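Participant: In my numbering, the protein residues as written are 50 to 301. Glycine included, C-beta positions come from ideal geometry on N, C-alpha and C. Bear in mind that the values here come from a model prediction, so they are computed numbers and not experimental data. Following this message is one structure expressed as structure tokens.
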Amino acid sequence: MTARPILFSGPMVRALLEGRKTQTRRVLKPWPGAQAKWLTMGVLHRSPSCQLADCDGHLGVQMQHPHAGQRINGVDIDTMSPLTWVRLPYAPGDRLWVKEGWNAFSFSQDGDVAWPTTTIPTAEEMADIRDAAYRVDVQAVYRESERARRWFADQRWRHSIFMPRWASRLTLTVTNVRVQRLQGISEEDAMAEGVDAVTMDDVPRQAAVSRRSDFAALWDRLNAHRAPWASNPWVCAFSFKVHPFNIDQEAP
């Protein structure tokens with residue numbers, strides 16, 4: 050069991066908070082390092098088949114290399130080549146701390162005035178701040194929150210990639226992993242991805258679209274530049290439980 054960060058966009062953070070999102074899909078890609086020099090994204094996604102497999106104690110995907118039996122750049126590609134196994138970033142039991150849009154703000158002692166910090170405090174600095182009652186308080190404010198909408202609407206926000214572990218407010222526990230083509234997603238899975246349900250009052254839209262097609266549109270808004278829906282890439286579908294607290298805190 051490992052602890053790793055995972056990034057989500059604003060709409061997906063809202064879905065997590067509202068209990069509508071219990072799955073996420075991530076594009077399969079070569080593991081950084083030597084493998085990435087030989088196995089390109091294009092080759093990987095032309096693989097006719099992929100299935101979950103274990104390699105040296107790590108969960109991964111065993112792919113059928115589309116060039117098996119050929120010699121590529123001086124390397125003989127066979128069915129047992131290390132180029133046919135791709136390690137996955139997450140496995141069942143892993144705990145993931147969610148990174149989202151946010152900022153750190155300093156507050157006056159009476160709490161009436163707040164201003165963004167010039168730098169991101171470390172976990173150690175935050176502990177010192179909490180222990181020193183006389184010092185100015187520093188708090189994380191999340192872009193997807195009622196507090197931000199009411200009191201911080203005109204503030205600038207830091208990108209989710211810059212969120213430190215101490216500031217995360219959501220923790221996910223991975224419960225299941227599947228590998229599939231992107232377009233293999235079902236209506237039920239699209240709903241579990243956090244796609245808004247079509248209400249019975251919205252009859253024209255209900256007749257025209259499905260959760261699956263809404264998911265396709267959402268996917269392309271986030272991933273069209275590298276793996277559009279039409280390319281039907283191999284993805285891993287991760288199911289998880291959502292816990293509304295920091296990964297280093299005990300469950301309430």
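How should residue 296 be labelled, buried or exposed, when 16 other C-beta atoms within 10 angstroms of its C-beta is the threshold for buried?
Facilitator: The count along the sequence shown starts at 1 and reaches residue 296 at position 247. With 16 or more Cβ atoms within 10 Å of its Cβ, residue 296 is classed as buried.
Participant: Count the other CB atoms within 10 Å of the CB of residue 180; is the residue buried (16 or more) or exposed (fewer)?
Facilitator: Walking along the sequence shown from the start, residue 180 turns up at place 131. A residue is called buried once 16 or more other Cβ atoms fall within 10 Å of its Cβ, and residue 180, having fewer, is exposed.
Participant: Along the chain, where does the beta strand (DSSP E) that runs through residue 109 open and close?
Facilitator: Taking the first residue of the sequence shown as position 1, residue 109 is located at position 60. Unbroken beta strand (DSSP E) run through residue 109: 107-112.
Participant: Let me know the alpha helix (DSSP H) ranges lying completely inside the region 58-112, each 4 residues or longer, listed in chain order.
Facilitator: 59-66, 83-87 and 90-94
Participant: Taking C-alpha atoms, which residue in 206, 144 and 92 lies nearest to residue 58?
Facilitator: In the sequence shown, the residue the question calls residue 58 occupies position 9. Looking at the Cα atoms, 206 is the closest of the given residues.
Participant: For residue 248 and residue 234, I'd like the C-alpha separation in whole angstroms.
Facilitator: In the sequence shown, residue 248 corresponds to position 199, counting from 1. In the sequence shown, residue 234 corresponds to position 185, counting from 1. Since pLDDT at residue 248 reaches only 48, below the 50 mark, its modelled position is unreliable, and the value read off the structure follows with that caveat. Their backbone Cα atoms lie some 21 Å apart in a straight line.
Participant: Based on the DSSP secondary-structure assignment, which residues constitute the bridge partners of residue 292?
Facilitator: As a position in the sequence shown, residue 292 is number 243, starting the count at 1. BP columns for residue 292 point to 220.
Participant: Let's see if you can read the secondary structure: which residues bound the alpha helix (DSSP H) around residue 281?
Facilitator: The sequence position of residue 281 within the sequence shown is 232, counting from 1. It is not in any alpha helix (DSSP H) - residue 281 carries neither H nor E in the DSSP assignment.
Participant: In chain order, what residues of the same chain lie with their CB nearer than 7 Å to the CB of residue 169, ignoring the 5 residues before and after it?
Facilitator: Locating residue 169 in the sequence shown gives position 120, where the first residue counts as 1. Contacts found: 153, 211 and 213.
Participant: Residues in its own chain within less than 6 Å of residue 231 by CB, not counting five upstream and five downstream?
Facilitator: Mapped onto the sequence shown, residue 231 falls at position 182. Result list for residue 231: 281, 282 and 284, in chain order.
Participant: Starting from the Cα of residue 267, find the closest Cα among 81, 82, 242 and 55 and give me that residue.
Facilitator: Within the sequence shown, residue 267 is the residue found at index 218, counting from 1. Among 81, 82, 242 and 55, the Cα nearest to that of residue 267 is on 242.
Participant: From residue 191 to residue 124, what distance separates their C-alpha atoms?
Facilitator: Looking up residue 191 in the sequence shown gives position 142. Looking up residue 124 in the sequence shown gives position 75. For residue 191 and residue 124, the distance between alpha carbons rounds to 49 Å.
Participant: Can you give me the C-alpha to C-alpha distance between residue 216 and residue 224, rounded to a whole angstrom?
Facilitator: As a position in the sequence shown, residue 216 is number 167, starting the count at 1. As a position in the sequence shown, residue 224 is number 175, starting the count at 1. Their Cα atoms are separated by approximately 24 Å.
Participant: Please report the residue range of the alpha helix (DSSP H) in which residue 200 lies.
Facilitator: Taking the first residue of the sequence shown as 1, we reach residue 200 at position 151. From DSSP, the alpha helix (DSSP H) with residue 200 extends over 195-200.
Participant: Using alpha carbons as the reference points, say which of 208, 166, 133 and 145 lies closest to residue 50.
Facilitator: As a first step, residue 50 must be located in the sequence shown, where it is residue number 1. Minimum Cα distance to residue 50 is reached at 145.
Participant: Suppose the cutoff is 7 Å on Cβ atoms and the five residues either side in sequence are ignored; what does the same chain contact list for residue 56 look like?
Facilitator: If you number the sequence shown from 1, residue 56 lands on position 7. Once the five neighbours on either side are set aside, the close Cβ partners of residue 56 are 148, 209 and 210.
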